[in-house]
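K.L.:
Start counting at 1 in the sequence shown, then tack on 24, and there's your number in the numbering used here.
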Amino acid sequence: MAMALLAPDSTDTSIEPATGIGLRCRRCASQNPVGGRFCGECGTPLRPRCERRQVSVLLVDVSGFTAMSERLDPEEVREIMEAAFEVIEDTVHRHDGTINQFLGDGVMALFGVVAGIEDHPRRALSAARAIQEGLEPLRETVRRRHGMEFRVRMGVHTGPVVLGVIGGDLRTDYTAAGQTTGVAARLVSLARAGEIVVSDYTRALV
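1) Using a 10 Å radius around the Cβ and a threshold of 16 neighbouring Cβ atoms, would you call Arg168 buried or exposed?
2) Can you tell me whether Gly67 is helix, strand or coil according to DSSP?
3) From Arg163 to Gly67, what distance separates their C-alpha atoms?
4) To which residues of the same chain is Ile104 closer than 8 Å at the C-beta, ignoring the five residues directly before and after it?
5) When the Cα atoms are used, what is the spatial distance from Glu160 to Arg210?
6) Does DSSP put Asp85 in a helix, a strand or coil?
7) Taking the C-alpha atoms as reference points, what is the distance between Glu99 and Val222?
8) Does the Cβ-Cβ distance between Val186 and Ala201 come in under 7 Å?
9) Where Arg76 and His170 are concerned, what is the direct C-alpha to C-alpha distance, given to the nearest angstrom?
10) Arg177 by DSSP, collapsed to three states: which one?
11) Among the residues of its own chain, which have a CB less than 7 Å from the CB of Leu83, if the five just before and after it don't count?
12) Could you check the C-alpha separation between Ile155 and Gly136 for me, to the nearest Å?
13) For the alpha helix (DSSP H) containing Asn123, list its first residue and its last residue.
14) How many Å lie between Leu134 and Ala151 at the Cα?
15) Whole angstroms are fine: how far does the CA of Val81 sit from the CA of Asn124?
16) Return the bridge partner residues of Ile220 from the DSSP annotation.
17) Could you tell me the distance, in whole angstroms, from the CA atom of Asp33 to the CA atom of Val230?
18) Once the 5 residues before and after Thr43 are set aside, which same chain residues still bring their CB inside 6 Å of it?
19) By the three-class DSSP mapping on this structure, what secondary structure does Val79 have?
20) Is Arg300 near His117, with beta carbons less than 7 Å apart?
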């Protein structure tokens, strides 16, 4: 599997904000947030048809999560992970990405879900770098309070997925299915703590 380690460089990572994210109600045509079950204006159930789209997947995994869970009190672990997720979620949204899943010890984010964004590989890589930087204060706090290293490892891959709502009447999720998410997961498994592993295909698109 072709891949590359992403090293800090002088690439311009400025991002222009985008608009248009959401699901359009088939009854009143109002725009609603991705993942919503009902229209905020008229209450019509939002069940969009699945669509095939090229996206960039960013998978973030907390290195050493099991060891941290064994050593610290569950409430301490929750506080650390909550702080980390807040940084990751804010960074992803600032780069016009969408949180696809919280995975317990990680996050899967999608770039390219927002209509009209074609530079999603660049946004995904920029978000990965920004996450590393944004988590530094938390890393220092964990080291000072608990004498432990808190680091994440990340994988980025670009490819086709099928986007859509899955689930039943009691619970639905807006998610992505396909090999692309699996490749991103394999890249994460190859990364060491603090590393970002990027597929060659994604690198070629940046």
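Backbone N, C-alpha and C define an ideal beta-carbon position, used for all residues, glycine too. Note that the structure is predicted; figures quoted are calculated from it, not measured.
P.N.:
Answer, in terms of the structure:
1) exposed
2) coil
3) 43 Å
4) Met92, Leu96, Leu162, Val166, Phe174
5) Rounded to whole angstroms, Glu160 to Arg210 spans 25 Å at the Cα level.
6) Strand, per DSSP.
7) Taken atom to atom, the span from the alpha-carbon of Glu99 to that of Val222 is near 33 Å.
8) yes
9) 45 Å
10) strand
11) Gly130, Met132, Met178, Gly179, Ala208, Ala209, Val212
12) 18 Å
13) Residue identity differs from the one stated: residue 123 is Ile in this sequence, not Asn. Not the alpha helix (DSSP H): Ile123 falls in the beta strand (DSSP E), residues 121 to 126.
14) 11 Å
15) 9 Å
16) Bridge partners of Ile220: Met178.
17) With a pLDDT of only 38 at Asp33, under 50, the local geometry of the prediction cannot be trusted, and the value read off the model is given with reservation. Their backbone Cα atoms lie some 13 Å apart in a straight line.
18) Because Thr43 sits at a pLDDT of 41, beneath the cut-off of 50, its placement in the model cannot be relied upon, and the point is left open.
19) DSSP places Val79 in strand when its eight states are reduced to three.
20) Past the edges of the chain, shown from 25 to 230, lies residue 300, and the structure says nothing about it.
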